[in-house]
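Here the structure is laid out as structure tokens; the discussion comes afterwards.
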Amino acid sequence: MNNPAVLQINRIPVTEVFPRVEDGTWAAKAVVDEAFPVRATVFREGHDQLGVAALLLDPNGTVVQRRKMIDIAPGLDRYEAWLVPPTTGAYSFQIESYSDPYATWCHDAAAKIHAGIDTELVFAQGVELFNRALNRETFPPLAAAGIESDPALPAESVKVLKEAIKLMQDRKLSPQERLSAGLASGSRRIFEAHPLRDLCSRTKPLPIFVDRKRALYGSWYEVFPRSYGATQNADGSWTSGNFKGLEKDLDRISQMGFDVLYLTPVHPIGTAFRKGKNNTLTAGPNDPGSPYGIGSPDGGHDEIHPDLGTWEDFDHLVSAAAEHGMEMALDLALQCSPDHPWVKEHPEWFSKRPDGSIAYAENPPKKYQDIYPLNFDQDPEGIFKAIWDVVTKWINHGVKIFRVDNPHTKPLSFWQPFLAKMRQQHPEVLFLAEAFTRPAMMRTLGMVGFHQSYTYFTWRNSKAELGEYFTEVSHQTDHLMRPAFWPTTHDILTPTMTNGGRGAFALRAVLAATGSPTWGIYSGYELVESEPRPGFEEQNNNEKYEYRPRDWEAGKEFGIARLLTKLNAARAQHPALQQLRGYQTLDTTSDEVFAFIKYIRKENSPTGKADAVIVIVNLDPHNPREASVKVDTSLLGVDLHYGRYQVRDLLDDQVYQWGTDNYVYLNPVDRPAHVFAVESL
Numbered sequence: 032m033n034n035p036a037v038l039q040i041n042r043i044p045v046t047e048v049f050p051r052v053e054d055g056t057w058a059a060k061a062v063v064d065e066a067f068p069v070r071a072t073v074f075r076e077g078h079d080q081l082g083v084a085a086l087l088l089d090p091n092g093t094v095v096q097r098r099k100m101i102d103i104a105p106g107l108d109r110y111e112a113w114l115v116p117p118t119t120g121a122y123s124f125q126i127e128s129y130s131d132p133y134a135t136w137c138h139d140a141a142a143k144i145h146a147g148i149d150t151e152l153v154f155a156q157g158v159e160l161f162n163r164a165l166n167r168e169t170f171p172p173l174a175a176a177g178i179e180s181d182p183a184l185p186a187e188s189v190k191v192l193k194e195a196i197k198l199m200q201d202r203k204l205s206p207q208e209r210l211s212a213g214l215a216s217g218s219r220r221i222f223e224a225h226p227l228r229d230l231c232s233r234t235k236p237l238p239i240f241v242d243r244k245r246a247l248y249g250s251w252y253e254v255f256p257r258s259y260g261a262t263q264n265a266d267g268s269w270t271s272g273n274f275k276g277l278e279k280d281l282d283r284i285s286q287m288g289f290d291v292l293y294l295t296p297v298h299p300i301g302t303a304f305r306k307g308k309n310n311t312l313t314a315g316p317n318d319p320g321s322p323y324g325i326g327s328p329d330g331g332h333d334e335i336h337p338d339l340g341t342w343e344d345f346d347h348l349v350s351a352a353a354e355h356g357m358e359m360a361l362d363l364a365l366q367c368s369p370d371h372p373w374v375k376e377h378p379e380w381f382s383k384r385p386d387g388s389i390a391y392a393e394n395p396p397k398k399y400q401d402i403y404p405l406n407f408d409q410d411p412e413g414i415f416k417a418i419w420d421v422v423t424k425w426i427n428h429g430v431k432i433f434r435v436d437n438p439h440t441k442p443l444s445f446w447q448p449f450l451a452k453m454r455q456q457h458p459e460v461l462f463l464a465e466a467f468t469r470p471a472m473m474r475t476l477g478m479v480g481f482h483q484s485y486t487y488f489t490w491r492n493s494k495a496e497l498g499e500y501f502t503e504v505s506h507q508t509d510h511l512m513r514p515a516f517w518p519t520t521h522d523i524l525t526p527t528m529t530n531g532g533r534g535a536f537a538l539r540a541v542l543a544a545t546g547s548p549t550w551g552i553y554s555g556y557e558l559v560e561s562e563p564r565p566g567f568e569e570q571n572n573n574e575k576y577e578y579r580p581r582d583w584e585a586g587k588e589f590g591i592a593r594l595l596t597k598l599n600a601a602r603a604q605h606p607a608l609q610q611l612r613g614y615q616t617l618d619t620t621s622d623e624v625f626a627f628i629k630y631i632r633k634e635n636s637p638t639g640k641a642d643a644v645i646v647i648v649n650l651d652p653h654n655p656r657e658a659s660v661k662v663d664t665s666l667l668g669v670d671l672h673y674g675r676y677q678v679r680d681l682l683d684d685q686v687y688q689w690g691t692d693n694y695v696y697l698n699p700v701d702r703p704a705h706v707f708a709v710e711s712l
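Position one of the sequence shown corresponds to residue 32 (the working numbering), numbered consecutively onward.
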């Protein structure tokens, strides 16, 4: 048996490359104008100096960006650079390594001239090196390695190098003066911008898919359309709300700064095994059923519930939302009620019990008798086509974002080709995975193509938990999955939210809105709806099973809507809050005060300006807390004035003078948090 071919290692090896997903099987994640880090371990034999660069390649394979990689862990040979993709598409990146003869000469020449040895040899080598730079001569030639040749130097650079050659050859000058000509800042800048790249090689291209900005940044507002305009009649029956009723509330929602309007399923609802109030097994005559029990004689996933309106009404809602600056997101719940047309037309798409009946969904001890899950192992091609047709129909009606219900209960072997084809034909369409599941599945859903994911943020409460998790999603899994932070959902009301009242709703909104570029709330958050269903971690009188019109005026006493407006305005104003990366937890002297900084360096900013926001939150929803907060001022991106700088609270516009160590006092009643924009003095 022959041995497999051995890949020849390069003279200047590049190992442990990041980001790379399953060795390049799938693309890592990026969005337009968001800088992403490229890292690698690079080293070589001997003492000669080396250079490393990160290259961004556009979908045509053309190098469109080149950035020098910096040694970020001296002694460990770990290099890093940040690349910023300018447009959407299937990009890739490479890492280039090379011998840097100029850097080697600078090091050796300084040592030898200081020691007074080999003086003329040093300058002869320097002159030869500068002439090579003028002629762009590398060894071996770049073309031999399949690398594009360097263009000729600009005229001004040629003039600088020729003058340096002249001075290095002038024996009337002292050795130190001659050396200074070769080491001058002007020469260094030229070799920095146009390095001589001996022994140059590049890694294989690794894929990076660049999505539009909404894949990373957005403020979601979730609604059950049937509750908007719903009224209860004298006999106890209900008149459903509809798209027109929801449209009347768009002003209120958009004025709070939300830019994604998320609709739970709007399809016909089955009657067989319909659930009643709070998921009871028997529905009364006035119970509308769960919107997740999809399908009736009126149609399935590709139709609208008659109570909500017509296709024309839906199209009008999409247009009206766009006029208010909001995109439409729709729930994609791939399951069927017993009355769904697919059950009769394609019984082979469902699992059967030994008695011949179709198996309903279960998550023991929970049972969902009103839902039949699809069996993706039976006629996978037919199911693929049916789901494709459903999604593309909604796309054609203006939906460009889908919140996918429980994607982790469907095969990854379905999602990978489905999302790949969707990216090819509809690259503007985004998919959010509602995957409250084990880490491996959550990450892999991101790997195979989901643009965003629900997260464990909902259950991270303590200072230690929050710091660890915020660091994880911004530094460790940022290339795999984009987090969406939700304090509550229509299915989840944690004990923290139940017991913390208004204070908990305020502090969790601050954490969600500033900790992740994508965040969302479920309608009713403004009213501090926090009554739990006994024995369950969810809302009582759950809107999934009933109409729930709300009195928004009554919620003004809580001030939550005002806080949400301030938070979304801060996000819109500050690029640091629109990006996932650039996060650091800050030390505080209290376990109940959590602080962090979100920052963008000038060279990585879409505006060309550095940006930093410091967030400090009182994690105790009941009591005032005080602490000292320590800030790493190197991250601020502003000039310090005697170690001081100015911060402006984006929640109340108060201005403070800060330094390295700073005192804060936070009261859950009227000041649960600071969200400081960093300004120069």
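The C-beta atom is built at its ideal place from N, Cα and C for all residues, glycine as well. Only a predicted model underlies this, so the values are computations on that prediction, with no experimental measurement involved.
If you run the structure through DSSP and keep just helix, strand and coil, what is residue i?
i: M32; result: Reliability fails at M32, whose pLDDT of 46 lies under 50, so the model's placement of it is uncertain and no value is given.
i: G217; result: helix
i: Q80; result: coil
i: K661; result: strand
i: P438; result: helix
i: M357; result: coil
i: G92; result: coil
i: T486; result: coil
i: E187; result: helix
i: T527; result: helix
i: Y248; result: coil
i: Y576; result: helix
i: E111; result: strand
i: S232; result: strand
i: N166; result: helix
i: H510; result: coil
Is there at least one non-hydrogen atom of the ligand ZN closer than 8 Å to the beta-carbon of residue i?
i: D280; result: Among the ligands in the structure shown, none appear at all, so the ligand ZN cannot be discussed.
Would the beta-carbon of residue i fall within 9 Å of that of residue j?
i: V153; j: A140; result: yes
i: Y676; j: L666; result: no
i: V189; j: L165; result: yes
i: I300; j: G276; result: no
i: F124; j: P236; result: yes
i: A58; j: I239; result: yes
i: P526; j: P563; result: yes
i: A658; j: S711; result: no
i: P322; j: V297; result: yes
Just tell me which of the options has its CA closest to the CA of residue i.
i: G356; options: E379, P296, F289 and G315; result: F289
i: S1; options: S327, V660, Y252 and I426; result: The displayed coordinates of the chain run from 32 to 712. Any statement about residue 1 would go beyond what the structure contains.
i: P182; options: V435, L192, A176 and E168; result: E168
i: M528; options: Y556, V669 and H225; result: Y556
i: T664; options: D684, W689 and M287; result: W689
i: V191; options: K143, F222, P699 and D102; result: F222
i: D618; options: S128, V646, F589 and P637; result: V646
i: A212; options: V158, R243, I178 and A265; result: V158
i: L86; options: Q80, D266 and R98; result: R98
i: D266; options: W373, S250, N273 and N317; result: N317
i: A451; options: S180, R163 and V479; result: V479
How far does the alpha helix (DSSP H) with residue i in it extend, from its first residue to its last?
i: Q286; result: L281 to Q286
i: K494; result: K494 to T502
i: W425; result: P411 to N427
i: S444; result: L443 to Q456
With 9 Å set as the bound, which would you pick, yes or no: does the beta-carbon of residue i sit closer than that to a beta-carbon of chain D?
i: G55; result: Judged by its chain identifiers, the structure shown contains no chain D, having just a single protein chain.
Return the first residue and the last residue of the beta strand (DSSP E) that residue i is part of.
i: P68; result: F67 to V73
i: D618; result: Y614 to T619
i: K304; result: In the sequence under discussion, the amino acid at residue 304 is Phe, which differs from the Lys named in the question. Run containing F304: none; DSSP gives neither H nor E here.
i: F240; result: L237 to D242
i: G120; result: G120 to S130
i: P44; result: Taken as a continuous stretch (DSSP letters only), P44 belongs to no beta strand (DSSP E), as it is neither H nor E.
*Examine the Cβ distances between the stretch 599–610 and the stretch 544–554 and report whether three or more of them are shorter than 8 Å.*
yes
*So, do the stretch 396–409 and the stretch 359–373 have three or more beta carbon pairs nearer to each other than 8 Å?*
yes
_Tell me whether the stretch 66–85 and the stretch 37–49 touch, counting them as touching only if at least three CB pairs, one residue from each stretch, are closer than 8 Å._
Short answer: they touch.
*With contact counted as at least three CB pairs below 8 Å, one residue from each stretch, are the stretch 534–546 and the stretch 571–583 in contact?*
no
*Give a yes or no on contact between the stretch 345–359 and the stretch 435–447, applying the rule of three or more CB pairs nearer than 8 Å.*
In short, these stretches do not touch, since the Cβ pair count stays below three.
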